[in-house]
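Protein chains in written order, with my numbering: chain A, 80 to 368; chain B, 80 to 368; chain C, 80 to 368; chain D, 80 to 368. Ideal Cβ positions, reconstructed from N, Cα and C, are used throughout, including at glycine. Read the structure below first, then the notes.
Number of protein chains: 4
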Amino acid sequence: MTKRKPASAILLIHCPDQTGIVAAVTEFIGTHDGNILYLDQHVDLEKKVFFMRIEWDLANFTIPRELIHSEFQQKIGERFNMNFKLHFSDVKLRMAVFVSELPHCLYDILSRWQSDEWDVDIPLIISNHNTLKNTADKFEIPYHTLPVNSKNKSEQEKQQLELLNKNDIDFIVLARYMQILSDDFVSSFRNRIINIHHSFLPAFPGAKPYHSAFERGVKIIGSTSHFVTAELDAGPIIEQDITRISHADSISDLIRKGRDLEKLVLSRAIWKYLQRKILIYDNRTVIFT
Amino acid sequence: MTKRKPASAILLIHCPDQTGIVAAVTEFIGTHDGNILYLDQHVDLEKKVFFMRIEWDLANFTIPRELIHSEFQQKIGERFNMNFKLHFSDVKLRMAVFVSELPHCLYDILSRWQSDEWDVDIPLIISNHNTLKNTADKFEIPYHTLPVNSKNKSEQEKQQLELLNKNDIDFIVLARYMQILSDDFVSSFRNRIINIHHSFLPAFPGAKPYHSAFERGVKIIGSTSHFVTAELDAGPIIEQDITRISHADSISDLIRKGRDLEKLVLSRAIWKYLQRKILIYDNRTVIFT
Amino acid sequence: MTKRKPASAILLIHCPDQTGIVAAVTEFIGTHDGNILYLDQHVDLEKKVFFMRIEWDLANFTIPRELIHSEFQQKIGERFNMNFKLHFSDVKLRMAVFVSELPHCLYDILSRWQSDEWDVDIPLIISNHNTLKNTADKFEIPYHTLPVNSKNKSEQEKQQLELLNKNDIDFIVLARYMQILSDDFVSSFRNRIINIHHSFLPAFPGAKPYHSAFERGVKIIGSTSHFVTAELDAGPIIEQDITRISHADSISDLIRKGRDLEKLVLSRAIWKYLQRKILIYDNRTVIFT
Amino acid sequence: MTKRKPASAILLIHCPDQTGIVAAVTEFIGTHDGNILYLDQHVDLEKKVFFMRIEWDLANFTIPRELIHSEFQQKIGERFNMNFKLHFSDVKLRMAVFVSELPHCLYDILSRWQSDEWDVDIPLIISNHNTLKNTADKFEIPYHTLPVNSKNKSEQEKQQLELLNKNDIDFIVLARYMQILSDDFVSSFRNRIINIHHSFLPAFPGAKPYHSAFERGVKIIGSTSHFVTAELDAGPIIEQDITRISHADSISDLIRKGRDLEKLVLSRAIWKYLQRKILIYDNRTVIFT
Chain A
80 MTKRKPASAI LLIHCPDQTG IVAAVTEFIG THDGNILYLD QHVDLEKKVF
130 FMRIEWDLAN FTIPRELIHS EFQQKIGERF NMNFKLHFSD VKLRMAVFVS
180 ELPHCLYDIL SRWQSDEWDV DIPLIISNHN TLKNTADKFE IPYHTLPVNS
230 KNKSEQEKQQ LELLNKNDID FIVLARYMQI LSDDFVSSFR NRIINIHHSF
280 LPAFPGAKPY HSAFERGVKI IGSTSHFVTA ELDAGPIIEQ DITRISHADS
330 ISDLIRKGRD LEKLVLSRAI WKYLQRKILI YDNRTVIFT
Chain B
80 MTKRKPASAI LLIHCPDQTG IVAAVTEFIG THDGNILYLD QHVDLEKKVF
130 FMRIEWDLAN FTIPRELIHS EFQQKIGERF NMNFKLHFSD VKLRMAVFVS
180 ELPHCLYDIL SRWQSDEWDV DIPLIISNHN TLKNTADKFE IPYHTLPVNS
230 KNKSEQEKQQ LELLNKNDID FIVLARYMQI LSDDFVSSFR NRIINIHHSF
280 LPAFPGAKPY HSAFERGVKI IGSTSHFVTA ELDAGPIIEQ DITRISHADS
330 ISDLIRKGRD LEKLVLSRAI WKYLQRKILI YDNRTVIFT
Chain C
80 MTKRKPASAI LLIHCPDQTG IVAAVTEFIG THDGNILYLD QHVDLEKKVF
130 FMRIEWDLAN FTIPRELIHS EFQQKIGERF NMNFKLHFSD VKLRMAVFVS
180 ELPHCLYDIL SRWQSDEWDV DIPLIISNHN TLKNTADKFE IPYHTLPVNS
230 KNKSEQEKQQ LELLNKNDID FIVLARYMQI LSDDFVSSFR NRIINIHHSF
280 LPAFPGAKPY HSAFERGVKI IGSTSHFVTA ELDAGPIIEQ DITRISHADS
330 ISDLIRKGRD LEKLVLSRAI WKYLQRKILI YDNRTVIFT
Chain D
80 MTKRKPASAI LLIHCPDQTG IVAAVTEFIG THDGNILYLD QHVDLEKKVF
130 FMRIEWDLAN FTIPRELIHS EFQQKIGERF NMNFKLHFSD VKLRMAVFVS
180 ELPHCLYDIL SRWQSDEWDV DIPLIISNHN TLKNTADKFE IPYHTLPVNS
230 KNKSEQEKQQ LELLNKNDID FIVLARYMQI LSDDFVSSFR NRIINIHHSF
280 LPAFPGAKPY HSAFERGVKI IGSTSHFVTA ELDAGPIIEQ DITRISHADS
330 ISDLIRKGRD LEKLVLSRAI WKYLQRKILI YDNRTVIFT
């Protein structure tokens with residue numbers, strides 16, 4: 080991780096709902112001369128869980144950066160039985176991209192990265208095919224081809240994990256990567272693997288959703304970005320969007336229209352992740368605005 | 080059926096795709112001094128099926144109205160092995176509405192009917208509850224309460240069919256009618272029963288889709304209007320639409336937002352049906368624009 | 080105003096942005112045993128203005144209802160130079176509906192009211208035409224016909240204001256009311272008159288926006304609900320939505336599709352108003368989620 | 080222009096509406112053994128103009144390609160007083176891209192071109208800045224920097240036209256090109272210059288539409304692709320789309336969200352142009368599906 084820009088601290092919190100949380104957290108920050116830049120909270124009234132994202136300027140904050148976590152835990156976290164994560168806005172995340180043969184999501188990601196839309200490092204691209212190496216080369220990003228078949232899968236995943244660790248990867252984006260990851264692999268990056276699935280889940284999970292959508296005769300198609308879990312296409316949903324189709328659209332029209340959706344929905348999910356605006360609870364996400 | 084307005088004829092056609100169909104049909108109309116008001120065609124290239132909707136002014140048409148069907152069948156239909164339906168725009172369709180206890184779709188339908196948005200007759204409303212009788216009364220439409228339970232179902236459906244037949248009903252709208260119709264009933268009105276289901280099918284078929292959508296953590300909810308077939312929520316889809324939701328929406332928010340979708344999607348389906356712009360083929364619909 | 084339901088208090092606040100506001104407000108509520116049900120805040124970083132909506136349960140709140148305003152003003156409001164409004168959730172608002180001759184928005188409003196979608200009283204409907212009296216009668220709401228022309232306008236507005244005052248009206252909804260209100264009238268109900276305009280403002284203000292949209296060849300049409308100000312169609316926007324059109328749509332198709340938009344957009348604006356989720360500042364709105 | 084793929088012929092027709100057009104055109108094609116692949120027609124009932132796009136397979140067509148235009152003109156065009164254009168699907172169009180300093184639309188265009196989403200040649204990119212030369216280099220497309228100021232404008236446009244002519248350019252895409260083209264330049268490529276404007280026109284024409292949208296407090300922002308005419312942002316609209324925003328979005332959020340809209344809307348317009356599915360009439364477009 081590299082550092083830059085005037086820094087702010089970000090807390091993502093969830094805990095049992097109870098009175099006094101907001102007052103306690105905001106007072107903690109205010110007392111130490113932190114200026115709140117963002118505050119959003121949500122209460123799940125059914126499950127009685129409190130969720131919060133709060134961000135404050137570190138410029139005049141009187142607690143040194145390295146002590147914030149322990150101070151907060153001691154003064155506030157323990158009292159409210161909080162589950163919280165502390166981030167710093169000047170820490171650039173490191174993202175690995177997994178692809179197969181379809182270029183559209185990869186191009187979209189690399190264009191945004193190259194144009195500084197996103198404040199992220201992309202140290203490597205991993206693929207089970209050689210097809211998109213040229214694309215990676217254009218953007219001068221190391222591209223590792225690790226073909227996967229039924230026999231070598233666990234061996235290749237070991238190699239992938241080594242590459243990811245060696246490159247200090249924070250999270251993985253599956254940009255139309257056409258391989259199912261093993262449970263072991265997934266648990267090594269629990270809640271840190273973002274997939275794009277080309278249907279409005281839970282409709283049409285698994286393979287060939289555009290063909291199924293055509294067959295069923297739906298009037299809208301969709302895309303879903305979600306965190307990968309052990310169960311296929313069943314992880315917490317981050318973002319979805321749809322587009323209208325008609326009887327006049329062939330399967331190849333669906334694929335064409337769907338491509339644009341996939342790019343859009345995946346990139347919005349990555350944006351939210353980079354902003355630390357996603358909280359996962361009970362296989363659902365809280366997406367702060 | 081009652082009659083009104085300057086009349087046009089409407090043909091809905093499907094047949095094996097082959098050259099010369101459009102030329103033959105348009106020439107048939109032109110030769111008999113019919114002025115084409117609307118022409119839309121679609122070819123399913125995979126299944127090699129041709130679909131067409133054509134409408135023409137009857138003012139100067141030289142074939143008498145009652146002979147058009149047989150003339151067309153003889154000259155064109157047989158030659159191209161056509162499956163076709165002939166409608167006349169001045170024939171007002173007769174619609175029965177089935178409801179249970181939720182008023183929003185019923186109000187929406189009756190308001191549109193009363194405001195002459197739709198050129199349709201509504202001779203009766205059938206319900207398994209007495210709840211919405213007051214609403215029907217406001218609009219002076221006969222309301223028949225036929226409570227349904229596991230024992231009396233086939234008896235009540237018999238009564239319903241009698242009422243429908245006695246009232247010359249052309250098609251049925253299930254405006255959040257919370258009963259599953261028997262296969263027998265459905266086949267009596269094959270492709271003439273329009274349902275509104277409160278999810279983006281094929282996601283969340285069956286009961287309580289808003290609860291399931293909440294549980295799954297989707298970011299969009301939808302509504303689907305479709306023709307009723309023997310298999311539950313699996314008939315040809317006419318129209319779908321969606322609205323965005325977030326983690327901040329409770330189940331009751333989903334129900335509230337969904338209500339507006341249901342009204343909109345159902346009313347669009349009814350509109351298309353009244354315009355004779357729906358063609359059904361292989362459990363899918365062609366919806367002409 | 081009538082009263083009902085377990086009560087909560089709602090504060091809508093804006094003030095110059097500064098540190099400690101959230102902590103102070105939440106502590107004020109917590110100290111007096113109020114349980115926060117909702118908290119959303121927004122900071123306009125450019126104008127340095129802080130906005131907040133906070134709602135709390137009054138069940139165990141130790142300050143009596145009639146003293147909350149003055150206590151809050153004294154302890155918090157003055158300190159932060161706040162502009163705030165206090166509402167109680169159990170106070171049912173009283174809404175007047177103004178219409179002309181188009182029934183769709185009126186039907187939509189009355190259906191929602193009758194179905195208890197909205198917790199509101201509608202003591203009267205005012206119109207410059209007699210056309211929709213029958214509709215009002217169906218729902219048993221007093222309907223006052225006050226025809227307006229260039230000569231009698233100020234006289235009729237005086238009558239309208241008398242009716243509104245006599246009925247303790249809190250806010251007015253112009254449900255396609257085709258008259259421009261005088262500045263005097265508007266200032267009597269400043270920020271309390273909601274209009275629906277049938278275009279995506281600022282495009283196509285004034286008369287006949289569907290005709291202008293058709294003429295310009297746009298591919299989307301819209302609707303806008305906004306508060307009425309002295310300048311025509313230029314007040315703070317509450318809600319907008321759009322629908323796609325194509326070259327195949329005639330002006331009457333635009334009017335038909337637009338009707339559904341108008342109903343939807345106006346009803347969403349009314350819903351937000353009833354929830355006390357709208358804050359107006361500098362001719363723009365903050366709409367809390 | 081280069082050639083490839085099994086060829087079809089495409090006719091884009093408009094003419095005064097009259098009976099017998101469709102029959103005549105389809106018979107012309109059928110008589111010469113052409114198999115119709117696509118037929119869509121539209122009648123502007125107000126202006127009494129007939130529009131049609133028809134496409135047929137040339138495989139067995141008995142009129143040689145180079146004679147089709149004159150044969151059609153003689154047999155059909157003259158009779159119906161048609162204004163028509165004949166295209167061949169195997170003729171690859173040649174597109175010039177004009178950019179300034181914003182990379183997102185350029186990346187999107189080049190990615191689609193490189194991935195063979197679009198069947199088009201891009202012989203050159205022209206810019207008034209050097210900023211995006213690196214991007215062009217990645218994709219190995221010649222990049223010409225022609226800085227424009229108030230003095231050298233007509234000289235630079237002359238140079239641009241020379242480059243365009245030397246490269247046999249069929250149409251121009253302004254991918255956020257921040258210069259107003261002279262009337263002379265525009266008339267050299269009449270109805271062949273596609274612009275993307277970052278608002279839902281006719282709202283917010285001209286400079287800084289996101290700032291104006293923010294200022295006005297709209298709840299949706301849009302993008303519009305249109306053909307360039309002498310009047311700024313007033314040419315025939317090809318495609319529009321929108322996205323929702325809220326009070327929480329700053330101007331930079333609008334710019335960020337708008338970028339994705341611009342890419343999407345511009346690319347859809349280019350797609351339609353490449354499919355020869357756009358017909359222009361009276362400053363409006365007919366966009367065939």
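Practice problem: Please state if the CB of Pro226(D) and the CB of Asn213(D) are separated by a distance shorter than 9 Å. | Solution: Not a contact, by the Cβ cut-off of 9 Å.
Quiz prompt | Beta-carbon proximity list for Leu91(A), same chain, < 7 Å, skipping 5 on both sides | solution = Arg132, Phe163, Lys164, Arg355 and Leu358
Quiz prompt | DSSP three-state assignment for His305(A), whether helix, strand or coil | solution = strand
Quiz item: Buried or exposed: which applies to Asn274(A), given that a residue is buried once 16 or more other Cβ atoms fall within 10 Å of its Cβ?
Solution: buried
Self-check item: Same chain, Cβ closer than 6 Å to Thr210(C), five either side skipped, listed in chain order
Solution: Hits under 6 Å: Glu180.
Quiz item: Where does Met80(A) land, buried or exposed, given buried means 16+ other C-beta within 10 angstroms?
Solution: Confidence is the limiting factor: at Met80(A) the pLDDT is only 43, short of 50, which leaves the residue's position unreliable, though a coordinate-based value still follows. Under this definition Met80(A) is an exposed residue.
Self-check item: Cβ of Leu340(B) within 9 Å of any chain A Cβ
Solution: It does not: the Cβ of Leu340(B) has no partner Cβ on chain A nearer than 9 Å.
Self-check item: Classification of Ala309(C) by the beta-carbon crowding that lies within 10 angstroms, buried from 16 upward
Solution: exposed
Practice problem: Would you mind telling me which residues of chain A sit closer than 9 Å to His183(D), beta carbon to beta carbon, in chain order? | Solution: Ser190, Arg191, Ser194 and Glu196
Quiz item: Per DSSP, what kind of secondary structure is Phe107(D) in: helix, strand or coil?
Solution: helix
Practice problem: Could you list which residues in chain B have their beta carbon closer than 7 Å to that of Leu118(D), in chain order? | Solution: Val101 and Gln120
Self-check item: Amino acids of chain A, ordered along the chain, whose beta-carbon sits closer than 9 Å to that of Ser329(B)
Solution: Asp123, Leu124 and Glu125
Quiz item: Helix, strand or coil: how does DSSP classify Phe279(C) here?
Solution: coil
Quiz prompt | Contact check, Asp320(A) vs Ser302(A), beta carbons under 9 Å | solution = yes
Self-check item: Identity of the residue in Lys171(A), Ile142(A), Val307(A) and Lys298(A) nearest Asn362(A) by Cα
Solution: Val307(A)
Quiz item: chain B partners of Ser229(A), CB-CB under 9 Å?
Solution: In chain order: nothing, as chain B lies at least about 30 Å away.
Quiz item: By a C-beta neighbour count over all protein chains shown, 10 Å radius and 16 as the cutoff for buried, is Thr141(C) buried or exposed?
Solution: exposed
Quiz prompt | Closer than 9 Å to chain B by CB, Thr214(C) | solution = yes
Quiz item: Taking all protein chains shown into account, do 16 or more other C-beta atoms lie within 10 angstroms of the C-beta of Thr224(B), making it buried, or fewer, making it exposed?
Solution: exposed
Exercise. Kindly indicate the opening and closing residues of the alpha helix (DSSP H) around Ser331(A).
Key: Ile330 to Leu353
Quiz item: In the DSSP assignment, what residue or residues form a beta bridge with His223(D)?
Solution: Ile205(D)
Exercise. With 7 Å as the limit, tell me which residues of the region 348-366 of chain D have their beta carbon closer than that to any beta carbon of chain C; keep them in chain order.
Key: Asn362, Arg363, Thr364, Val365 and Ile366
Quiz item: Would you report the Cα separation of Phe367(B) and Lys298(A), rounded to the nearest angstrom?
Solution: 13 Å
Practice problem: Could you run through the region 104-117 of chain A and flag, in chain order, every residue whose CB is less than 7 Å away from some CB of chain C? | Solution: Thr105, Glu106, Gly109, Asn114 and Ile115
Quiz item: CA-CA distance, Phe264(D) and Glu236(D)?
Solution: So the alpha carbons of these two residues sit roughly 7 Å apart.
Self-check item: N-terminal and C-terminal residue of the alpha helix (DSSP H) that Trp192(A) is part of
Solution: Unbroken alpha helix (DSSP H) run through Trp192(A): His183 to Gln193.
Self-check item: Cβ of Phe218(B) within 9 Å of any chain C Cβ
Solution: yes
Quiz item: Excluding the five sequence neighbours on either side, which residues of its own chain have a C-beta within less than 6 Å of the C-beta of Ala103(D), listed in chain order?
Solution: Ile155
Exercise. Could you tell me whether the Cβ of Leu333(B) comes closer than 9 Å to any Cβ of chain C?
Key: No, no contact with chain C.
Practice problem: Within 10 angstroms of the Cβ of Ala110(C), are there 16 or more other Cβ atoms? Answer buried if so, exposed if not. | Solution: First, the residue type needs correcting, since residue 110(C) is Thr and not Ala in the sequence shown. Around the Cβ of Thr110(C), a 10 Å sphere holds fewer than 16 other Cβ atoms; the residue is exposed.
Quiz item: Opposite Lys164(B) in the DSSP bridges: which residues?
Solution: Among the bridge pairs identified by DSSP, Lys164(B) is matched with Leu91(B).
Exercise. Name, please, each residue of chain C whose Cβ falls closer than 7 Å to the Cβ of Ile316(D).
Key: The contacting residues are Gly296, Val297 and Lys298.
Quiz item: Is Leu280(C) close to chain D, meaning its C-beta is less than 9 Å from at least one C-beta of that chain?
Solution: yes
Quiz prompt | Cβ shell of Asn114(B) (< 7 Å), same chain only, five flanking positions each side left out | solution = For Asn114(B), where only same-chain residues beyond five positions count, the Cβ hits under 7 Å are Trp135 and Asp136.
Quiz item: On the premise that Phe250(B) lies in contact with Leu172(B), defined as a C-beta separation below 8 Å, what is that separation, rounded to the nearest angstrom?
Solution: 7 Å
Self-check item: Under the three-state DSSP convention, the category Met80(B) falls into
Solution: Confidence in Met80(B) is poor, its pLDDT being 43 and thus under 50, which makes the residue's placement unreliable; the coordinate value appears in the next sentence. Three-state result, Met80(B): coil.
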